[in-house]
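Novice: Structure in structure tokens, see below.
There are 2 protein chains.
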Amino acid sequence: MALVVQKYGGSSVADASCIKRVAQRIVATKKAGNDVVVVVSAMGDTTDELLDLARQVSPLPPGRELDMLLTSGERISMALLAMAIANLGHEARSFTGSQAGVITDSTHGKARIIDVTPSRIREAVDAGQIAIVAGFQGVSQDSKDITTLGRGGSDTTAVALAAALGADVCEIYTDVDGIYTADPRIVRSARQIPRISYDEAMEMAACGAKILHLRCVEYARRFGLPIHVRSSFSTREGTWVVSDPYSEGTEVEQPIISGVAHDRSEAKITVVGVPDKVGEAAAIFRTLADAEINIDMIVQNVSAAATGRTDISFTLPVNDSQTALTALKKIQSQVAFESLLYDDQIGKVSLVGAGMRSHPGVTATFFGALADAGVNIEMISTSEIRISVVVGQNEVDTAVAAAHRAFDLDSDQVEAVVYGGTGR
Amino acid sequence: MALVVQKYGGSSVADASCIKRVAQRIVATKKAGNDVVVVVSAMGDTTDELLDLARQVSPLPPGRELDMLLTSGERISMALLAMAIANLGHEARSFTGSQAGVITDSTHGKARIIDVTPSRIREAVDAGQIAIVAGFQGVSQDSKDITTLGRGGSDTTAVALAAALGADVCEIYTDVDGIYTADPRIVRSARQIPRISYDEAMEMAACGAKILHLRCVEYARRFGLPIHVRSSFSTREGTWVVSDPYSEGTEVEQPIISGVAHDRSEAKITVVGVPDKVGEAAAIFRTLADAEINIDMIVQNVSAAATGRTDISFTLPVNDSQTALTALKKIQSQVAFESLLYDDQIGKVSLVGAGMRSHPGVTATFFGALADAGVNIEMISTSEIRISVVVGQNEVDTAVAAAHRAFDLDSDQVEAVVYGGTGR
Numbered sequence: 001m002a003l004v005v006q007k008y009g010g011s012s013v014a015d016a017s018c019i020k021r022v023a024q025r026i027v028a029t030k031k032a033g034n035d036v037v038v039v040v041s042a043m044g045d046t047t048d049e050l051l052d053l054a055r056q057v058s059p060l061p062p063g064r065e066l067d068m069l070l071t072s073g074e075r076i077s078m079a080l081l082a083m084a085i086a087n088l089g090h091e092a093r094s095f096t097g098s099q100a101g102v103i104t105d106s107t108h109g110k111a112r113i114i115d116v117t118p119s120r121i122r123e124a125v126d127a128g129q130i131a132i133v134a135g136f137q138g139v140s141q142d143s144k145d146i147t148t149l150g151r152g153g154s155d156t157t158a159v160a161l162a163a164a165l166g167a168d169v170c171e172i173y174t175d176v177d178g179i180y181t182a183d184p185r186i187v188r189s190a191r192q193i194p195r196i197s198y199d200e201a202m203e204m205a206a207c208g209a210k211i212l213h214l215r216c217v218e219y220a221r222r223f224g225l226p227i228h229v230r231s232s233f234s235t236r237e238g239t240w241v242v243s244d245p246y247s248e249g250t251e252v253e254q255p256i257i258s259g260v261a262h263d264r265s266e267a268k269i270t271v272v273g274v275p276d277k278v279g280e281a282a283a284i285f286r287t288l289a290d291a292e293i294n295i296d297m298i299v300q301n302v303s304a305a306a307t308g309r310t311d312i313s314f315t316l317p318v319n320d321s322q323t324a325l326t327a328l329k330k331i332q333s334q335v336a337f338e339s340l341l342y343d344d345q346i347g348k349v350s351l352v353g354a355g356m357r358s359h360p361g362v363t364a365t366f367f368g369a370l371a372d373a374g375v376n377i378e379m380i381s382t383s384e385i386r387i388s389v390v391v392g393q394n395e396v397d398t399a400v401a402a403a404h405r406a407f408d409l410d411s412d413q414v415e416a417v418v419y420g421g422t423g424r
Numbered sequence: 001m002a003l004v005v006q007k008y009g010g011s012s013v014a015d016a017s018c019i020k021r022v023a024q025r026i027v028a029t030k031k032a033g034n035d036v037v038v039v040v041s042a043m044g045d046t047t048d049e050l051l052d053l054a055r056q057v058s059p060l061p062p063g064r065e066l067d068m069l070l071t072s073g074e075r076i077s078m079a080l081l082a083m084a085i086a087n088l089g090h091e092a093r094s095f096t097g098s099q100a101g102v103i104t105d106s107t108h109g110k111a112r113i114i115d116v117t118p119s120r121i122r123e124a125v126d127a128g129q130i131a132i133v134a135g136f137q138g139v140s141q142d143s144k145d146i147t148t149l150g151r152g153g154s155d156t157t158a159v160a161l162a163a164a165l166g167a168d169v170c171e172i173y174t175d176v177d178g179i180y181t182a183d184p185r186i187v188r189s190a191r192q193i194p195r196i197s198y199d200e201a202m203e204m205a206a207c208g209a210k211i212l213h214l215r216c217v218e219y220a221r222r223f224g225l226p227i228h229v230r231s232s233f234s235t236r237e238g239t240w241v242v243s244d245p246y247s248e249g250t251e252v253e254q255p256i257i258s259g260v261a262h263d264r265s266e267a268k269i270t271v272v273g274v275p276d277k278v279g280e281a282a283a284i285f286r287t288l289a290d291a292e293i294n295i296d297m298i299v300q301n302v303s304a305a306a307t308g309r310t311d312i313s314f315t316l317p318v319n320d321s322q323t324a325l326t327a328l329k330k331i332q333s334q335v336a337f338e339s340l341l342y343d344d345q346i347g348k349v350s351l352v353g354a355g356m357r358s359h360p361g362v363t364a365t366f367f368g369a370l371a372d373a374g375v376n377i378e379m380i381s382t383s384e385i386r387i388s389v390v391v392g393q394n395e396v397d398t399a400v401a402a403a404h405r406a407f408d409l410d411s412d413q414v415e416a417v418v419y420g421g422t423g424r
């Protein structure tokens, strides 16, 4: 008998009929001989409606109260789901994050899970019950206040709970049937990826693929927990996220590139004319860290010998831009940089693939494809299994399609054609 | 510095603008030098909307899950109210029933409060914060499951919390400015009652007056806690419910009759031809108790000597009628009664007043007034400070008005004119 943790997102439980359908799916998993624990998000637009109510009473609601408010969303969906399962003749119990033992720090709105002590969940499972757990929420260790985990929080709840329970798999249900080689809305010939490594899934998530959130994959990797990303609208296999997707016994040969991700949610700031001295870059990024801004790509060129000055560019979430610019202006005289440039009309396109480690020429093929498509590259950043470029925002679609085609991800045959080049 | 517990019902927090108005009122109480703890119900129609959702997924939802669902209602209103107060520059913290230490038994849907351990509320108050507590909800002592207190639950939460905190007063805010001598929709000249005893308020509540619930007054009486029933739309004094409203120092002379209550929510069942033997009535009411039916009035006449049989009539909530009739039919052969009569076109009219203890002739005046108004009396029941009659449902308004007039409750002068009679 396997222990399966299933996570259903807001669109899977958007209304009563959706909830009844999900209930049937859960019962089918139970009937197939599994123990089942379910993590559920708030129904459809509930969170937005609650945020709207909050804005009506206060322009800047305290984080503690906002968390108290928002967590009512999962409370509604989980109770309804438990009722729908009971109506199918199976016993179900719903639990808040606090009841499920999801212990977090006290950072309201984006709390981090410190520990999961799911004794009540285990008791319910041992009693043959289906446990329904509120995603996205926990209780703070210090003050016992209700917290929320921020974006992608329900996925993180599911994986953390699955790890704490020693589950065999964490199934993440969504409205598509897995992770694709590119966004199918941009590349119509994009293919579903049957198996992918944690590292690749993390790079995809970090580079804008919306299916899985970075924190949830990080958590799964730490505990070696398999994630199965599936559609709640079909029963076909989705994408398995595992530590070694191409180990013996799997039929699929490792591709060079697993997928092409893109992200339009960032902006670019360039700090112009930074004196090329020890500690200047550190001062800049310490200032940004103190303002709680997450930096993504950073590029610094060699300084011009004539001036002894260099330019530092970085990308960041567009919503954090004003805070960052304000913070940087405050240290302009201290650091003695010349000026700030700001551009929010950018997009990031990333190639992700563990296979690029052993294949030279990926960069050359990628850049060649972009050049042939007339796309200008503004910034470049690489990791061991990823190459990202920043391009103009209106060139993102063209760049994604060109890269997807260049690495033959369109075709059924998973083998990249790599043209010469100096390797990387 | 006084500690004031205030309770606001669903209509007082129906939307964002209502919540902001209530927040101002709370802040004004705080600014006047009081410590303030607030108990709040769910917004307007929230509970009905949640019940509707529940019905869409299950015809008979489990009580535990229904409680989990419904308690999201207060979670929303209390968080919004805390935000609105914060927006006025005062620190407010919201707490669930569980966080506020409202410990109940495990009877989902109508749990009883076993204990209140409000250490977190006291900490908040001691820190100068305004504590906002979810009404209507608690946590069960045994299973740590979320429970609801049933009808009037928020009032009970407020009084129980006020008692546990040793508050100086529990203010119950509603949409009228206190308890009236009769329902002003029926008797336009009905007057607000400035002070009333716990006993009278309990009889009024038990007899259909909707303002205060029986359980909440019971609780207040047990702890000697003053209740102040007020309008959330005005600042004038409402009705004070206290142990001795006519003690020295109060200017108001004790009236004979405090008010006339009515109730259209009951039905009448008559068990016809019950053998007049020891234990037959007990068998009937044991059966009804096992079916968890609350009986109100019971009338049994002396048995007819010729037959050795008697009729037993009782009233009960109209919603419980089918259950009661089914249960009684099952014991018809055992008890050997002849038949069952059922009437749901009844209404109950009650005179309540501690003063009737020392004034003879109240019954005669009451019955005389009903006779003059052409109202036929079907059943009579009395307590030390109450006389209730059952009349035809379409005669309730006439009976209430006639009684109100007969005891001069219409006029400003609070003195009843009692005509002769044998006294009671």
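Residue numbers (UniProt numbering), protein chains in the order written: chain A, 1 to 424; chain B, 1 to 424.
C-beta: ideal position from N, C-alpha, C; glycine also.
1. With 7 Å set as the bound, which would you pick, yes or no: does the beta-carbon of Glu280 (chain B) sit closer than that to a beta-carbon of chain A?
2. Closer than 6 Å by C-beta to Ser77 (chain B): which residues in its own chain qualify, once you throw out the five before and the five after it? Chain order, please.
3. Using 10 angstroms around the beta-carbon of residue 430 (chain A), count the other beta-carbons present and answer buried if the total reaches 16, otherwise exposed.
4. So within the region 82-147 of chain B, which uninterrupted beta strand (DSSP E) runs reach at least 3 residues, ignoring any that extend past its ends?
5. Is residue 428 (chain B) close to chain A? Criterion is C-beta to C-beta, closer than 7 Å.
6. Assign His404 (chain B) to one of three DSSP states: helix, strand, or coil.
7. Between A:Leu370, A:Ile380, A:Leu51, which lies nearest to Ser313 (chain A) when the distance is taken from Cα to Cα?
8. Roughly how many angstroms separate the alpha carbons of Gly259 (chain A) and Glu237 (chain A), rounded to a whole number?
9. What does the Cβ neighbour count give for Ile114 (chain A), buried or exposed, with the cut at 16 atoms within 10 Å?
10. Considering only the beta carbon of each residue, do Ser72 (chain B) and Ser154 (chain A) sit closer than 7 Å?
11. Ala261 (chain A) CB to nearest chain B CB: under 7 Å?
12. Taking Cβ-Cβ distances shorter than 8 Å, what residues in chain A pair up with Leu69 (chain B)?
13. Please decide whether Pro118 (chain A) counts as near chain B, where near means a Cβ-Cβ distance under 7 Å.
14. Hey, how far is the Cα of Ser143 (chain B) from the Cα of Ser106 (chain B)?
15. Start and end of the beta strand (DSSP E) containing Cys18 (chain B)?
16. Taking buried to mean at least 16 other C-beta atoms within 10 Å of its own C-beta, is Thr422 (chain A) buried or exposed?
17. Throw me the rounded Cβ distance for the Ala324 (chain A) and Ile269 (chain A) pair, which I believe falls under 8 Å.
18. Within 7 Å (strictly less), CB to CB, does Gln141 (chain A) reach chain B?
19. Which residue from A:Ser247, A:Asp397, A:Ala291, A:Val335 puts its Cα closest to that of Arg195 (chain A)?
20. Would you mind reading off the limits of the alpha helix (DSSP H) that contains Leu51 (chain A)?
21. When the Cα atoms are used, what is the spatial distance from Arg93 (chain A) to Met204 (chain B)?
22. Would you kindly work out how many angstroms separate the C-alpha atoms of Thr117 (chain A) and Ala162 (chain A), rounded to a whole number?
23. Looking only at its own chain, which residues have a Cβ that is under 8 Å from the Cβ of Val272 (chain A), when we skip the five neighbours before and after it?
24. When every heavy atom of the ligand SAM is checked, does at least one fall within less than 6 Å of the C-beta of Ser197 (chain A)?
25. Per the contact definition of three or more C-beta pairs closer than 8 Å, is the region 226-242 of chain B in contact with the region 184-203 of chain B?
26. Closer than 8 Å by beta-carbon distance: list the chain B residues that pair up with Leu53 (chain A), in chain order.
27. According to the neighbour-count rule (16 or more other Cβ atoms, all chains shown, within 10 Å of its Cβ), is Gly420 (chain A) buried or exposed?
28. To which residues does DSSP link Glu171 (chain B) through a beta bridge?
29. Between which two residues does the alpha helix (DSSP H) holding Gly37 (chain A) run?
30. Got a sec: is the Cβ-Cβ distance from Val57 (chain B) to anything in chain A below 7 Å?
31. When DSSP labels each residue in this structure, what does Tyr198 (chain B) get in the three-state scheme?
32. Count the other CB atoms, across all protein chains shown, that sit within 10 Å of the CB of Ala371 (chain B); report buried if there are 16 or more and exposed otherwise.
33. Please go through the same chain and pick out, in chain order, the residues whose beta-carbon is closer than 6 Å to the beta-carbon of Val362 (chain B), but skip the five residues on each side of it.
34. How big is the Cα-Cα spacing for Thr307 (chain B) and Ile295 (chain B)?
35. Whether or not the region 222-229 of chain B and the region 162-176 of chain B are in contact is what I'm after, with contact meaning three or more pairs of Cβ atoms, one per stretch, closer than 8 Å; do they touch?
36. Measuring alpha carbon to alpha carbon, tell me which of B:Lys110, B:Ile130, B:Ile256 ends up nearest His90 (chain B).
Specialist: Let me spell this out:
1. For the purposes of this step, residue 280 (chain B) is taken as residue 280 along the second sequence, with counting starting at 1. Glu280 (chain B) does not count as touching chain A.
2. Taking the first residue of the second sequence as 1, we reach residue 77 (chain B) at position 77. Once the five neighbours on either side are set aside, the close Cβ partners of Ser77 (chain B) are Val13, Val40, Ala42, Met43.
3. Outside the shown range of chain A (1 to 424) lies residue 430 (chain A), about which nothing can therefore be said.
4. 92-95, 102-104, 113-116, 130-134, 137-140
5. Residue 428 (chain B) cannot be examined here, being either before or after the span of chain B that is shown, 1 to 424.
6. Counted from its first residue, the second sequence places residue 404 (chain B) at position 404. Reduced to three states, the DSSP call for His404 (chain B) is helix.
7. Residue 313 (chain A) sits at position 313 when you count from the first residue of the first sequence. Taking only the C-alpha atoms, the option nearest Ser313 (chain A) is A:Ile380.
8. Indexing the first sequence from 1 puts residue 259 (chain A) at position 259. Indexing the first sequence from 1 puts residue 237 (chain A) at position 237. When rounded, the distance between both Cα atoms is 18 Å.
9. If you number the first sequence from 1, residue 114 (chain A) lands on position 114. It is exposed - the Cβ of Ile114 (chain A) has fewer than 16 other Cβ atoms within 10 Å.
10. Reading the second sequence from its first residue, position 72 is the one you call residue 72 (chain B). Reading the first sequence from its first residue, position 154 is the one you call residue 154 (chain A). In this structure, Ser72 (chain B) lies away from Ser154 (chain A), with their beta-carbon atoms at least 7 Å apart.
11. Taking the first residue of the first sequence as position 1, residue 261 (chain A) is located at position 261. Output row for Ala261 (chain A): interface = no.
12. Position 69 of the second sequence, counted from the start, is the residue given in the question as residue 69 (chain B). Result: Arg75, Ile76, Ala79, Leu80, Met83.
13. Against the first sequence, residue 118 (chain A) aligns to sequence position 118. So no, Pro118 (chain A) is outside the interface.
14. As a position in the second sequence, residue 143 (chain B) is number 143, starting the count at 1. As a position in the second sequence, residue 106 (chain B) is number 106, starting the count at 1. C-alpha separation (whole angstroms): 8 Å.
15. As a first step, residue 18 (chain B) must be located in the second sequence, where it is residue number 18. Counting along the chain, Cys18 (chain B) falls outside any beta strand (DSSP E), though it belongs to the alpha helix (DSSP H) covering 16-31.
16. The residue you call residue 422 (chain A) lines up with position 422 of the first sequence. Confidence in Thr422 (chain A) is poor, its pLDDT being 32 and thus under 50, which makes the residue's placement too unreliable to answer from.
17. Counting from 1 along the first sequence, the entry for residue 324 (chain A) is found at position 324. Counting from 1 along the first sequence, the entry for residue 269 (chain A) is found at position 269. About 6 Å separates the two Cβ atoms, so the contact holds.
18. Locating residue 141 (chain A) in the first sequence gives position 141, where the first residue counts as 1. No, Gln141 (chain A) does not count as interfacial toward chain B.
19. Stepping through the first sequence from its first residue, residue 195 (chain A) is reached at position 195. Minimum Cα distance to Arg195 (chain A) is reached at A:Ser247.
20. Numbered from its first residue, the first sequence carries residue 51 (chain A) at position 51. Start and end: 46-57.
21. For this step, residue 93 (chain A) is matched to residue 93 along the first sequence. For this step, residue 204 (chain B) is matched to residue 204 along the second sequence. Roughly 40 Å between the two C-alpha positions.
22. Here residue 117 (chain A) refers to the residue found at position 117 when the first sequence is read from its first residue. Here residue 162 (chain A) refers to the residue found at position 162 when the first sequence is read from its first residue. Distance between the alpha carbons of Thr117 (chain A) and Ala162 (chain A): 11 Å.
23. On the first sequence, residue 272 (chain A) is found 272 positions in, with the first residue counted as 1. Contacts found: Asp311, Phe337, Glu338, Ser339, Leu340, Leu341.
24. By its list of ligands, the structure shown contains no ligand whatsoever, and the ligand SAM lies outside what it can speak to.
25. Yes: at least three Cβ pairs fall under 8 Å.
26. Here residue 53 (chain A) corresponds to residue number 53 of the first sequence, with the count starting at 1. Simply Ala16, Ile76, Leu80.
27. Numbered from its first residue, the first sequence carries residue 420 (chain A) at position 420. Model confidence at Gly420 (chain A) stands at a pLDDT of 32, short of 50, so the residue's coordinates are unreliable and nothing is read from them.
28. In the second sequence, counting from the first residue as 1, residue 171 (chain B) sits at position 171. B:Gln6, B:His228.
29. Locating residue 37 (chain A) in the first sequence gives position 37, counting from the first residue. Looking at the sequence shown, residue 37 (chain A) is not Gly but Val. No alpha helix (DSSP H) holds Val37 (chain A); the beta strand (DSSP E) holding it covers 35-40.
30. The residue labelled residue 57 (chain B) in the question sits at position 57 within the second sequence. Chain A, which has a Cβ nearer than 7 Å to the Cβ of Val57 (chain B), makes this yes.
31. Start at 1 with the first residue of the second sequence, and residue 198 (chain B) comes out as number 198. Helix, per DSSP.
32. The count along the second sequence starts at 1 and reaches residue 371 (chain B) at position 371. Answer is exposed; the Cβ neighbour count stays below 16.
33. Position 362 of the second sequence, counting from 1, holds the residue named residue 362 (chain B). Contacts found: Met356.
34. In the second sequence, the residue the question calls residue 307 (chain B) occupies position 307. In the second sequence, the residue the question calls residue 295 (chain B) occupies position 295. Annotation: Thr307 (chain B) to Ile295 (chain B) spans about 27 Å, alpha carbon to alpha carbon.
35. yes
36. Along the second sequence, read from residue 1 onward, the residue named residue 90 (chain B) stands at position 90. Checking every option, the nearest Cα to that of His90 (chain B) belongs to B:Ile130.
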